[in-house]
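Engineer: There's a structure below that I have some questions on.
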Amino acid sequence: MRVEGFKEGVCGAIGVSTMAAAEDKSMDIGDDGERNREELFVPPLNFAMVDNGVFRSGFPDSANFRFLQSLGLRSIIYLCPEPYPETNKEFLKANGIRLFQFGIDGGKEPYVNIPEETIREALKVVLDEKNHPLLIHCKRGKHRTGCLAGCLRKLQKWCLSSIFDEYQRFAATKARVSDQRFIERFDVSSLMHLPITFSCSRR
7 MRVEGFKEGV CGAIGVSTMA AAEDKSMDIG DDGERNREEL FVPPLNFAMV
57 DNGVFRSGFP DSANFRFLQS LGLRSIIYLC PEPYPETNKE FLKANGIRLF
107 QFGIDGGKEP YVNIPEETIR EALKVVLDEK NHPLLIHCKR GKHRTGCLAG
157 CLRKLQKWCL SSIFDEYQRF AATKARVSDQ RFIERFDVSS LMHLPITFSC
207 SRR
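This is the structure:
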(Lines of atoms letter the chains of each structure in order from A and count residues from 1; the text may use other names and numbers.)
(Lines give C-alpha, C1' and ligand atoms only; values in the text may rest on other atoms or scores of the structure.)
Protein backbone atom coordinates (compact mmCIF):
# COMPACT_ATOMS: atom_id res chain seq x y z
CA MET A 1 0.00 0.00 0.00
CA ARG A 2 1.16 3.50 -0.77
CA VAL A 3 -0.13 6.39 1.30
CA GLU A 4 0.31 10.08 0.60
CA GLY A 5 -0.77 12.54 3.26
CA PHE A 6 -1.35 16.24 2.91
CA LYS A 7 -2.07 19.02 5.32
CA GLU A 8 -5.67 19.28 6.50
CA GLY A 9 -7.14 22.11 5.33
CA VAL A 10 -26.44 7.09 -11.58
CA CYS A 11 -24.51 9.98 -13.15
CA GLY A 12 -24.62 13.09 -15.22
CA ALA A 13 -24.06 16.79 -14.80
CA ILE A 14 -25.84 18.47 -11.93
CA GLY A 15 -26.51 22.13 -12.60
CA VAL A 16 -26.23 24.38 -9.57
CA SER A 17 -27.43 27.97 -9.88
CA THR A 18 -25.10 30.69 -8.75
CA MET A 19 -27.92 31.94 -6.53
CA ALA A 20 -26.32 29.48 -4.08
CA ALA A 21 -22.89 30.93 -4.80
CA ALA A 22 -23.27 34.68 -4.93
CA GLU A 23 -19.59 35.33 -5.42
CA ASP A 24 -19.68 34.00 -8.99
CA LYS A 25 -19.67 36.59 -11.73
CA SER A 26 -22.53 36.93 -14.15
CA MET A 27 -22.21 36.63 -17.91
CA ASP A 28 -23.85 38.44 -20.80
CA ILE A 29 -26.03 36.48 -23.18
CA GLY A 30 -26.82 38.40 -26.38
CA ASP A 31 -29.37 41.21 -26.05
CA ASP A 32 -31.20 39.52 -23.21
CA GLY A 33 -28.99 41.21 -20.64
CA GLU A 34 -27.18 39.53 -17.79
CA ARG A 35 -27.82 36.02 -16.66
CA ASN A 36 -26.39 34.06 -13.77
CA ARG A 37 -23.68 31.67 -14.80
CA GLU A 38 -24.38 28.02 -14.09
CA GLU A 39 -21.68 25.78 -12.65
CA LEU A 40 -21.66 22.16 -13.71
CA PHE A 41 -20.90 19.53 -11.10
CA VAL A 42 -19.90 16.45 -13.10
CA PRO A 43 -19.56 13.16 -11.19
CA PRO A 44 -16.92 10.65 -12.31
CA LEU A 45 -17.91 7.61 -14.34
CA ASN A 46 -19.94 5.07 -12.36
CA PHE A 47 -20.20 7.36 -9.33
CA ALA A 48 -22.46 6.20 -6.49
CA MET A 49 -22.80 6.33 -2.74
CA VAL A 50 -21.86 3.05 -1.03
CA ASP A 51 -22.75 4.03 2.51
CA ASN A 52 -22.65 7.05 4.80
CA GLY A 53 -19.38 8.83 3.99
CA VAL A 54 -18.24 6.19 1.45
CA PHE A 55 -18.44 6.67 -2.32
CA ARG A 56 -17.26 4.77 -5.40
CA SER A 57 -16.48 5.68 -9.00
CA GLY A 58 -14.28 5.26 -12.00
CA PHE A 59 -11.10 7.31 -12.43
CA PRO A 60 -11.85 11.00 -11.85
CA ASP A 61 -10.36 13.64 -14.12
CA SER A 62 -10.19 17.42 -13.94
CA ALA A 63 -13.80 17.79 -15.15
CA ASN A 64 -14.89 16.03 -11.96
CA PHE A 65 -12.82 18.05 -9.47
CA ARG A 66 -15.54 20.59 -8.63
CA PHE A 67 -17.97 17.75 -7.90
CA LEU A 68 -15.42 15.97 -5.70
CA GLN A 69 -14.85 19.21 -3.80
CA SER A 70 -18.55 19.27 -2.98
CA LEU A 71 -18.18 15.91 -1.20
CA GLY A 72 -15.63 17.29 1.27
CA LEU A 73 -13.42 14.22 0.85
CA ARG A 74 -10.74 13.37 3.39
CA SER A 75 -9.39 10.30 1.59
CA ILE A 76 -9.22 8.47 -1.71
CA ILE A 77 -8.57 4.74 -2.09
CA TYR A 78 -6.95 4.11 -5.47
CA LEU A 79 -6.92 0.45 -6.55
CA CYS A 80 -4.62 0.59 -9.62
CA PRO A 81 -0.83 -0.02 -9.67
CA GLU A 82 -0.06 2.88 -12.03
CA PRO A 83 1.27 6.16 -10.54
CA TYR A 84 -1.40 8.71 -9.71
CA PRO A 85 -1.45 11.54 -12.29
CA GLU A 86 0.24 14.77 -11.22
CA THR A 87 -2.90 16.81 -11.95
CA ASN A 88 -4.90 14.61 -9.57
CA LYS A 89 -2.15 14.72 -6.93
CA GLU A 90 -2.16 18.50 -7.09
CA PHE A 91 -5.93 18.49 -6.58
CA LEU A 92 -5.57 16.23 -3.55
CA LYS A 93 -2.86 18.42 -2.06
CA ALA A 94 -4.86 21.61 -2.60
CA ASN A 95 -7.88 20.08 -0.87
CA GLY A 96 -6.15 18.23 1.98
CA ILE A 97 -7.17 14.79 0.68
CA ARG A 98 -5.10 11.75 1.64
CA LEU A 99 -4.32 9.12 -0.99
CA PHE A 100 -4.24 5.41 -0.15
CA GLN A 101 -2.96 3.36 -3.07
CA PHE A 102 -3.49 -0.40 -3.21
CA GLY A 103 -2.09 -1.54 -6.53
CA ILE A 104 -4.17 -4.39 -7.97
CA ASP A 105 -3.42 -5.45 -11.55
CA GLY A 106 -6.36 -5.10 -13.89
CA GLY A 107 -5.92 -8.34 -15.85
CA LYS A 108 -8.70 -9.93 -17.86
CA GLU A 109 -10.11 -13.41 -17.35
CA PRO A 110 -8.69 -16.00 -16.99
CA TYR A 111 -5.69 -14.02 -15.71
CA VAL A 112 -7.39 -12.11 -12.91
CA ASN A 113 -5.49 -12.14 -9.63
CA ILE A 114 -7.02 -10.25 -6.73
CA PRO A 115 -4.76 -10.37 -3.64
CA GLU A 116 -6.96 -11.12 -0.63
CA GLU A 117 -4.58 -9.39 1.79
CA THR A 118 -4.65 -6.21 -0.30
CA ILE A 119 -8.45 -6.11 -0.18
CA ARG A 120 -8.29 -6.76 3.56
CA GLU A 121 -5.93 -3.80 4.11
CA ALA A 122 -8.08 -1.55 1.92
CA LEU A 123 -11.15 -2.53 3.94
CA LYS A 124 -9.41 -1.43 7.13
CA VAL A 125 -9.04 2.04 5.61
CA VAL A 126 -12.73 2.05 4.60
CA LEU A 127 -13.82 0.99 8.09
CA ASP A 128 -11.82 3.72 9.83
CA GLU A 129 -14.27 6.60 10.08
CA LYS A 130 -11.39 9.07 10.50
CA ASN A 131 -10.81 8.63 6.76
CA HIS A 132 -14.35 9.68 5.82
CA PRO A 133 -15.72 11.05 3.56
CA LEU A 134 -13.87 8.64 1.31
CA LEU A 135 -13.90 7.77 -2.41
CA ILE A 136 -12.96 4.31 -3.73
CA HIS A 137 -11.96 4.13 -7.38
CA CYS A 138 -10.06 2.13 -9.95
CA LYS A 139 -10.10 2.77 -13.71
CA ARG A 140 -13.79 2.35 -14.56
CA GLY A 141 -15.30 1.64 -11.14
CA LYS A 142 -16.36 -1.86 -12.15
CA HIS A 143 -14.11 -4.77 -11.20
CA ARG A 144 -11.53 -3.82 -8.58
CA THR A 145 -13.87 -1.28 -6.98
CA GLY A 146 -16.70 -3.81 -7.25
CA CYS A 147 -14.66 -6.47 -5.44
CA LEU A 148 -13.83 -4.11 -2.57
CA ALA A 149 -17.43 -2.94 -2.29
CA GLY A 150 -18.64 -6.54 -2.44
CA CYS A 151 -16.34 -7.58 0.39
CA LEU A 152 -17.57 -4.63 2.44
CA ARG A 153 -21.15 -5.81 1.83
CA LYS A 154 -20.17 -9.28 2.99
CA LEU A 155 -18.80 -7.76 6.18
CA GLN A 156 -22.15 -5.97 6.54
CA LYS A 157 -23.84 -9.38 6.27
CA TRP A 158 -25.59 -8.76 2.97
CA CYS A 159 -26.79 -11.95 1.28
CA LEU A 160 -24.73 -13.02 -1.74
CA SER A 161 -27.56 -12.47 -4.21
CA SER A 162 -27.80 -8.79 -3.17
CA ILE A 163 -24.02 -8.40 -3.30
CA PHE A 164 -23.89 -9.86 -6.82
CA ASP A 165 -26.83 -7.72 -7.94
CA GLU A 166 -24.93 -4.60 -6.89
CA TYR A 167 -21.71 -5.82 -8.52
CA GLN A 168 -23.50 -6.55 -11.79
CA ARG A 169 -25.28 -3.20 -11.78
CA PHE A 170 -21.90 -1.47 -12.19
CA ALA A 171 -20.03 -4.12 -14.19
CA ALA A 172 -22.99 -4.70 -16.56
CA THR A 173 -21.90 -6.75 -19.57
CA LYS A 174 -18.32 -6.78 -18.23
CA ALA A 175 -19.24 -8.75 -15.08
CA ARG A 176 -16.65 -11.39 -14.22
CA VAL A 177 -17.36 -14.77 -12.69
CA SER A 178 -13.88 -14.67 -11.10
CA ASP A 179 -14.69 -11.44 -9.25
CA GLN A 180 -17.91 -12.86 -7.86
CA ARG A 181 -16.16 -16.08 -6.88
CA PHE A 182 -13.53 -14.02 -5.06
CA ILE A 183 -16.22 -12.12 -3.13
CA GLU A 184 -18.00 -15.36 -2.24
CA ARG A 185 -14.81 -16.96 -0.90
CA PHE A 186 -13.46 -13.85 0.86
CA ASP A 187 -13.04 -14.52 4.59
CA VAL A 188 -14.24 -11.57 6.70
CA SER A 189 -13.65 -13.26 10.07
CA SER A 190 -10.44 -11.32 10.78
CA LEU A 191 -12.31 -8.02 10.33
CA MET A 192 -15.45 -8.76 12.33
CA HIS A 193 -14.04 -7.10 15.45
CA LEU A 194 -13.79 -3.74 13.67
CA PRO A 195 -16.80 -1.44 14.22
CA ILE A 196 -18.89 -0.11 11.33
CA THR A 197 -20.36 2.81 13.21
CA PHE A 198 -20.90 4.90 10.07
CA SER A 199 -23.01 2.33 8.26
CA CYS A 200 -26.73 2.40 7.62
CA SER A 201 -26.49 -1.41 7.31
CA ARG A 202 -26.29 -2.63 10.89
CA ARG A 203 -24.74 -6.03 11.36
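Numbering (our numbering), first residue to last: 7 to 209.
All C-beta atoms in this analysis are idealised placements derived from N, C-alpha and C, irrespective of residue type, glycine included.
#1: Among the candidates 129, 161, 68, 189, whose CA atom is the shortest distance from the CA of residue 7?
#2: Mind the definition here: the region 86-96 touches the region 160-173 only if three or more C-beta pairs lie below 8 Å; say whether that holds.
#3: For residue 141, which beta-bridge partners are listed by DSSP?
#4: Given a cut-off of 9 Å, decide if residue 109 and residue 87 are closer than it, judged by their beta-carbon atoms.
#5: Mapping DSSP to helix, strand and coil, what is residue 181?
#6: In the DSSP assignment, what residue or residues form a beta bridge with residue 55?
#7: Could you give the distance in angstroms between the alpha-carbon of residue 122 and the alpha-carbon of residue 192?
#8: Does residue 120 come out as helix, strand or coil in the three-state DSSP assignment?
#9: In whole angstroms, what separates the C-alpha of residue 159 from that of residue 96?
#10: Grab me the residues of residue 79's own chain with a C-beta within less than 6 Å of its C-beta, minus the 5 sequence neighbours each way, in chain order.
#11: Smallest Cα separation from residue 176: which of 81, 155, 188?
#12: Could you name the residues of the same chain whose beta carbon sits closer than 6 Å to that of residue 174, not counting the 5 residues immediately before and after it, in chain order?
#13: Please determine, among 65, 164, 77, 46, the residue with the shortest C-alpha to C-alpha distance to residue 52.
#14: Is the CB-CB distance between residue 85 and residue 150 below 9 Å?
#15: If we call anything under 9 Å between Cβ atoms a contact, is residue 147 one with residue 76?
#16: Please name the residue, chosen from 59, 57, 100, 165, that lies closest to residue 71 on a Cα-to-Cα basis.
#17: Can you tell which of 49, 152, 58 has its C-alpha closest to the C-alpha of residue 206?
#18: Would you call the CB atoms of residue 81 and residue 131 closer than 9 Å?
#19: Rounded to whole angstroms, what is the Cα-Cα separation between residue 107 and residue 143?
#20: Kindly give me the distance between the Cβ atoms of residue 111 and residue 152, rounded to whole angstroms, as I take these residues to be in contact under 8 Å.
Structural biologist: According to the structure shown:
#1: Closest option to residue 7, judged by alpha-carbon separation, among 129, 161, 68, 189: 129.
#2: Cβ pair count under 8 Å is below three, so no.
#3: Answer is 61, 82.
#4: Contact: yes.
#5: Correct three-state label for residue 181: coil.
#6: Residue pairing by DSSP puts residue 55 in a beta bridge opposite 61.
#7: Approximately 7 Å, taken between the alpha carbons.
#8: DSSP places residue 120 in coil when its eight states are reduced to three.
#9: Roughly 32 Å separates the two Cα atoms.
#10: Excluding positions up to five away in sequence, the list reads 103, 139, 141.
#11: Comparing C-alpha distances from residue 176 to each of 81, 155, 188 shows the shortest one belongs to 155.
#12: So the qualifying residues of the chain are 181.
#13: Answer by Cα proximity: 65.
#14: It is a contact, given that the beta carbons lie within the stated cut-off.
#15: No, they are not a contact pair.
#16: Here the closest residue by C-alpha is 100.
#17: Considering only alpha carbons, the answer is 58.
#18: Taking a C-beta distance under 9 Å as the contact criterion, residue 81 and residue 131 qualify as a contact pair.
#19: Straight across, the Cα-Cα distance linking residue 107 with residue 143 is about 10 Å.
#20: Residue 152 and residue 111 do not touch by the CB rule: their CB atoms are close to 15 Å apart, not below 8 Å.
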